[in-house]
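Enquirer: Have a look at this one.
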Amino acid sequence: MFGELKRLGRETVVYGLSTVVGRLLNFLLLPLYTHCLSPADYGIVATVFTYIALCNVLYSHGMDFAYMRFSRDGANDGGDISTPFWALLAVASAFSALIHLGSEPLAALAMVPPQLSVIIRYAAWIMALDALCLVPFAELRLTHKPAAYAGIKVANIALNIALNYAFLVAVPMGVRGVFLASLLTAAATFAMVSPVLWTRLEPRFDSRLYPQLLRFALPLVPAGLASMMVQAIDRPILQRLTNDATVGLYQANYRLGIFMMMVVNMFDAAWRPFFIQRAPNPGAREIFARILTYFAVGASFLFLAVAIFIPDLAALPVSRHKTLIHPAYWAGLGIVPIVTLGYLFNGIYVNFLAPVTLAKRTDLVAYATMTGAAVNVVANLVLIPRWNLQGAALATLAAYMAMAAALFWAGQRVYPIVYEYRRLAHAGLCAAATSLAFWLWGHPVTPFARVPLRLGILALFPALLMTTGFFDDEELGELKAVLKARAAPENSNPTGSQE
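Under the working numbering, the residue at position 112 of the sequence shown is numbered 732, and the numbers go up by one with no gaps.
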């Protein structure tokens, strides 16, 4: 048993690190795009990639998850890789051929200029190649090869960055270059996973297995679409109600929410195995409640730090005479705190996964996700005409809040947990007071101006928690012990004398 747990731990670390490294590498595209593309061009890129993300759910139609499920259950004889792969090849080829042939009317439908209709054709085959990689990647996970999986994923992102640089800087191609880079990267990734197929793929199709795969896979599609709608449907709606330049401003600044997003992703990776393993233990529900409290406090501090210092981050020099984000995009910085707060509520939603998972009612997750998608669409349609890109950010925040509320309500019905509501409200009031102080004395912000004042405002949040009785005696004792332990090495040889 312990050997299996150790292996799980090692694989979790590798998969988690690959995700973090991948997101950080992808973040490097932000200065490249904002300095090489106009806001309008970046808006086109963001919108078309949103359509790609939504269509990818249809291309995959849950077949990779079905393959993993049936291989593990033994219902898939010997792990038949051929049937799901040929199914994906047929679906991807048919969809992409239709999109390729209809690229010009589809470009008009997506509000892509006629001279850029080629990017729709590129997108068609990007999606096809991505779909063909799904089963090989699933096989790498099934056969416990996390290093190969992570290595290919990171290589994919590194190659994409290099090709983007080539097609935007070395040989400037504008929007076309972005999609050509993605197409070549998708082809290279398929080449990298192809060895998985060489020894397993056979010219056969199991007509008895395929219906079983579909019965498992197809119910995943609505939830997958809803999840993608929560994350990305705001871009096409914003484009329809405003223009490409507004979408470009929105996309560039939305990506600055990466810091909270990464914290939530890392917490999610650790949280799921934690609550599953601890659930049988006495006092588990109290521990789960306490973890939500600590998460809320830590995430609130990060939210405040981002809100107070985001102009400095945007103006951070990344090369000679260039900042992280081109000044032409700074007009959208006001959405970053809203987006960050949205990711905070997404983290609270992740906390609420424990009750429904332990009650074996994961169907309720789909209900919560669809609720969030519906709220996102309606809120975007209502708020964007009034508040422009700030309205889109508020709609995303509303969607994540709705998801958290829906999952909380569902979870309390099937696996009640008494959360520390008073302490959560206490932390929220301290965060609100700190935000008010920043609004009154630290706002508006000029990059790198009044930094000591803003640091003092940020320090107000933990100071309020300490002075208003948020922490109990046990927590204060633990905190003092940690600080004492860290100070011990420094005090053990204060004079620096040698023996």
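Cβ atoms here follow ideal geometry from the backbone N, Cα and C, with glycine treated the same way. Quick caveat: nothing in here was measured; it's all calculated off a predicted structure.
For tyrosine 963, I'd like the list of residues in its chain whose CB is within less than 6 Å of its CB, leaving aside the five on either flank, ordered along the chain.
Expert: Same-chain partners within the cutoff: Gly877, Met880, Met881, Val884.
Enquirer: Just confirm the distance between the C-beta atoms of isoleucine 1004 and leucine 869, as a whole number of angstroms; I'd bet it's less than 8 Å.
Expert: Wrong, their Cβ atoms sit about 13 Å apart, outside the cutoff.
Enquirer: Could you tell me the alpha carbon to alpha carbon distance between aspartate 661 and methionine 731, rounded to whole angstroms?
Expert: Approximately 12 Å between the Cα atoms of the pair.
Enquirer: With distance defined between alpha-carbon atoms, name the residue in Ile777, Ala751, Asn873, Gly771 nearest to tryptophan 950.
Expert: Of the candidates Ile777, Ala751, Asn873, Gly771, the one whose C-alpha sits nearest the C-alpha of tryptophan 950 is Asn873.
Enquirer: Under DSSP, the alpha helix (DSSP H) around serine 702 begins and ends at which residues?
Expert: Run containing serine 702: 702 to 721, per the alpha helix (DSSP H) assignment.
Enquirer: Would you call glutamine 859 buried or exposed, if buried means 16 or more other Cβ atoms sit within 10 Å of its Cβ?
Expert: The residue is buried, with at least 16 neighbouring Cβ atoms inside 10 Å.
Enquirer: First and last residue of the beta strand (DSSP E) that includes serine 827?
Expert: Segment: none, serine 827 is in no beta strand (DSSP E) and carries neither H nor E.
Enquirer: Pull up the CB-CB distance for aspartate 684 and aspartate 826, whole angstroms please, since I reckon it's below 8 Å.
Expert: 17 Å between Cβ atoms; not a contact.
Enquirer: Apart from the five residues on each side of it in sequence, which residues of its chain come closer than 7 Å, Cβ to Cβ, to valine 791?
Expert: Answer for valine 791: no residue qualifies.
Enquirer: So, does the stretch 701 to 715 touch the stretch 750 to 770, judging by three or more C-beta pairs under 8 Å?
Expert: Cβ pair count under 8 Å is three or more, so yes.
Enquirer: For lysine 942, which three-state DSSP category applies?
Expert: Lysine 942 falls in the strand class under three-state DSSP.
Enquirer: Taking a contact to mean a Cβ-Cβ separation below 9 Å, would you say leucine 845 touches alanine 993 in this structure?
Expert: Result yes, Cβ atoms of leucine 845 and alanine 993 sit closer than 9 Å.
Enquirer: By Cβ distance, which residues of its chain are closer than 6 Å to valine 995, with the 5 residues on each side in sequence left out?
Expert: Correct list, in chain order: Ala1018, Ala1019, Ala1022.
Enquirer: Can you tell me whether proline 937 is helix, strand or coil according to DSSP?
Expert: It is a strand residue.
Enquirer: What does the alpha-carbon distance come out to for the pair alanine 1013 and tyrosine 830?
Expert: C-alpha separation (whole angstroms): 41 Å.
Enquirer: Which value, in whole angstroms, describes the spacing of the CA atoms of tyrosine 1035 and phenylalanine 1028?
Expert: Cα-Cα distance, rounded: 10 Å.
Enquirer: Alanine 666 and arginine 855 - do their beta-carbons sit closer together than 9 Å?
Expert: Cβ distance < 9 Å, so arginine 855 and alanine 666 count as in contact.
Enquirer: Counting beta carbon pairs with one atom in the stretch 805 to 817 and one in the stretch 646 to 663, are three or more of them shorter than 8 Å?
Expert: With a cut-off of 8 Å, the stretch 805 to 817 and the stretch 646 to 663 do not count as touching, because too few Cβ pairs lie within range.
Enquirer: Thinking C-alpha only, which one of Val798, Phe915, Ala770 is nearest glutamate 1040?
Expert: Closest option to glutamate 1040, Cα to Cα, is Phe915.
Enquirer: So, under 8 Å CB-CB, phenylalanine 603 and leucine 922 are touching, yes? Tell me the CB distance rounded to an integer number of Å.
Expert: Absent from the structure is residue 603, since the part of the chain shown begins at 621 and ends at 1119.
Enquirer: Please classify aspartate 1092: does DSSP put it in a helix, a strand, or coil?
Expert: Aspartate 1092 falls in the coil class under three-state DSSP.
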